[in-house]
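In UniProt numbering, the protein residues as written are 1 to 174. All residues carry an ideal CB built from backbone N, CA and C; glycine is no exception. Read through the structure below, which is laid out as structure tokens, and then see the notes.
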Amino acid sequence: MVEAWYMDESQEDQRAPHRLEPNRAVSLEQLRRLGVAYRRLDADNYETDPRLKEIREAENYSWMDIVTIHKDKLPNYEEKIKTFYEEHLHLDDEIRYILDGSGYFDVRDKDDKWIRISMEKGDMITLPAGIYHRFTLDENVCYHKLPYVLMTNRCHKFSFISSAVTASHCHVYP
């Protein structure tokens with residue numbers, strides 16, 4: 001189950017949890033009010049998962065690709081990790097489905113405070129167009145790869161702040 005909380009102001013290691021003391025938890029309802037949608041799916045069977053198929057059909061997500069964040073799999077790994085953590089926004093919804101591993105999505109609330117959302121295998125998140133956000137791996141970075149699925153309703157390049165990461169081809173799934 002996803003967990004979210006307000007972040008402290010520390011500039012220390014971005015992979016740390018950065019919880020306030022005392023912790024200020026954020027509920028799924030609070031995330032929904034910001035336009036953030038969360039679902040829990042069966043990552044082991046994502047290729048044949050009927051629930052994922054239903055979501056893709058309902059949301060008209062006809063395109064998806066898999067990106068694996070790992071030193072051995074992602075070209076220019078260190079540079080891209082820094083780029084992922086730069087605050088940015090998109091003109092379209094951002095949909096991410098974690099197939100393995102774990103990490104954090106940070107989003108800004110209406111008062112410009114950071115909320116950290118802990119994501120792990122099986123978690124799907126939709127960030128609405130126009131919400132400021134960033135992504136980082138967590139402290140388990142040394143122990144796993146983090147493959148995740150990008151989904152959208154149209155084929156285009158996904159770019160982060162400096163266009164350092166793009167999906168250069170499209171897979172259209174029925």
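Handout entry: Euclidean distance between Cα positions of Y173 and P22
Key = Residue confidence for Y173 is low, a pLDDT of 41 falling below 50, so the modelled location carries little weight; the figure read from the coordinates is stated next. Cα-Cα distance, rounded: 45 angstroms.
Practice task
Could you spell out the range, first to last residue, of the alpha helix (DSSP H) harbouring Y55?
Solution key: It is Ile, not Tyr, that sits at residue 55 in the sequence shown. Note, I55: alpha helix (DSSP H), P50 to E59.
Problem - Separation of L28 from T48, as counted between CA atoms - result: Each residue's alpha carbon lies about 27 angstroms from the other.
Exercise for the section: Could you check the C-alpha separation between Q30 and L91 for me, to the nearest Å? Expected result: For Q30 and L91, the distance between alpha carbons rounds to 22 angstroms.
Handout entry: Helix, strand or coil at H171 [DSSP, three-state]
Key = Confidence at H171 is low in this model, with a pLDDT of 40, below 50, so the placement of that residue should be treated as unreliable; the coordinate-derived value is given next. Coil at H171, not helix or strand.
Handout entry: Extent of the continuous beta strand (DSSP E) to which Y104 belongs
Key = It spans S102 to R108 - the beta strand (DSSP E) in which Y104 sits, taken as one unbroken run.
Handout entry: Beta-carbon proximity of I55 to R39, cut-off 8 angstroms
Key = Cβ atoms of I55 and R39: closer than 8 angstroms.
Practice task
For the alpha helix (DSSP H) holding R81, just list the boundary residues, first then last.
Solution key: Looking at the sequence shown, residue 81 is not Arg but Ile. Note, I81: alpha helix (DSSP H), Y77 to F84.
Exercise for the section: Let me know if I66 comes out buried or exposed under the rule of 16 or more other beta-carbons within 10 Å of its beta-carbon. Expected result: Counting Cβ neighbours within 10 Å, I66 comes out exposed, since fewer than 16 surround it.
Problem - Assumed close pair R19, T136 - CB separation to whole angstroms, cut-off 8 angstroms - result: Their Cβ separation, rounded to whole angstroms, is 15 angstroms, which puts R19 and T136 out of contact at 8 angstroms.
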